Amino acid sequence: MMRDRLWYGVFLCGLAPFLWLVLLAVTDGLGANPIERITHFTGDWQLNLLLTALALSPLRRLTRKNIFIRFRRMLGLFAFFYVCLHFSTWLVLDQFFDWNDIVRDIVKRPFITVGFIAFLLLIPMAVTSTRKMVQRLGPNWRKLHSCVYVIGTLGIIHYLWLVKADKLVPIIYGSIFILLLVLRLQVPQWAKNLPALQPQRTGAQP
Ligand code: HEM
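Taking the numbering used here as reference, the numbering of the sequence shown is continuous, increasing by one, and the terminal residue is 207.
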């Protein structure tokens with residue numbers, strides 16, 4: 002794939018939250034509860050990037066510009082990167098590899114259960130995101146990658162369950178997610194009346 006300035010710019014945007022987190026860590030800027038801060042920060046960014054990646058297909062269809070789709074895989078993989086950090090923070094810094102506690106947490110705390118299922122579902126998606134896998138899986142690739150809507154739903158439920166008092170932020174995330182789901186289902190209908198779509202190079206577009 003041709004990597005131009007725009008590609009590096011988007012890449013830097015995906016990496017910037019991580020660099021910011023590292024900067025906070027090395028400058029003692031994570032506050033009184035660094036583990037909680039890292040967990041929340043990585044959880045937020047995983048959701049931000051997942052929703053941004055989901056917005057790219059409807060944007061492409063509405064604007065008729067393929068440029069948006071170029072970054073879907075990259076942003077999806079960044080979302081996976083942040084959920085790996087999120088999960089590792091919980092596993093290593095929060096649970097200290099105490100396997101009994103880990104299993105108990107996954108089984109007994111519903112918000113952890115759904116987050117964990119979402120994380121497991123993301124693994125096959127990340128593994129099959131290469132161009133080779135797109136070609137090898139054919140139409141099954143699209144079916145597998147539609148799972149992203151199940152993952153998004155679980156991620157929002159996870160957020161809604163873990164927040165005890167003010168649920169406004171997870172409700173805003175949930176509303177954006179529902180809007181993207183509606184766009185996903187409706188845009189192909191509206192797009193029939195728009196000018197023809199530019200031909201796509203990658204061949205993969207759920
Ligand atoms: C797709 C998967 C996931 C998404 C989208 C996600 C997202 C989030 C978000 C948005 C937050 C709250 C951030 C905030 O309050 O600012 C959060 C918190 C948290 N998540 Fe996740 N998460 C996911 C998976 C997981 C997994 C796999 C685990 C562990 C097994 C986990 C454990 C936690 C914990 C312990 C908290 C903090 C809870 C608290 O402060 O009481 N998450 N997550």
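We put the CB at the ideal spot given by N, CA and C, even for glycine. In this text the structure is predicted, and so the values were computed from the model without any measurement.
In this structure, the beta-carbon distance from Ile107 to Thr114 falls below 8 Å. Under the 10 Å beta carbon count, Ile68 is surrounded by fewer than 16 other beta carbons and is classified as exposed. Your pair Leu76 and Thr53 checks out as a contact, with CB atoms roughly 5 Å apart and the cut at 8 Å.
Residue range 35-64 is occupied by the alpha helix (DSSP H) that includes Gly44. Rounded to the nearest angstrom, the gap between the Cα atoms of Ser58 and Tyr83 is 21 Å.
Distances from the CB of Gln136 to the heavy atoms of ligand 1 are all 7 Å or more.
Taking a cut-off of 8 Å for Cβ pairs, the segment 125-143 and the segment 10-20 do not touch, as fewer than three such pairs fall below it.
Spanning the alpha carbons of Pro35 and Pro140 requires a straight line of approximately 44 Å. Under the three-state reduction of DSSP output, Val164 falls in the coil class, being neither helix nor strand. Counting only the Cα atoms, Thr64 lies some 33 Å from Leu121. Cβ-Cβ distances below 8 Å link Asp95 to Ile36, Thr40 in the same chain, with the five nearest sequence neighbours on each side left out; the list follows chain order. With respect to the C-alpha of Phe12, the residue from Arg61, Phe79, Arg38 having the closest C-alpha is Phe79.
At least one heavy atom of ligand 1 sits closer than 7 Å to the Cβ of Phe88.
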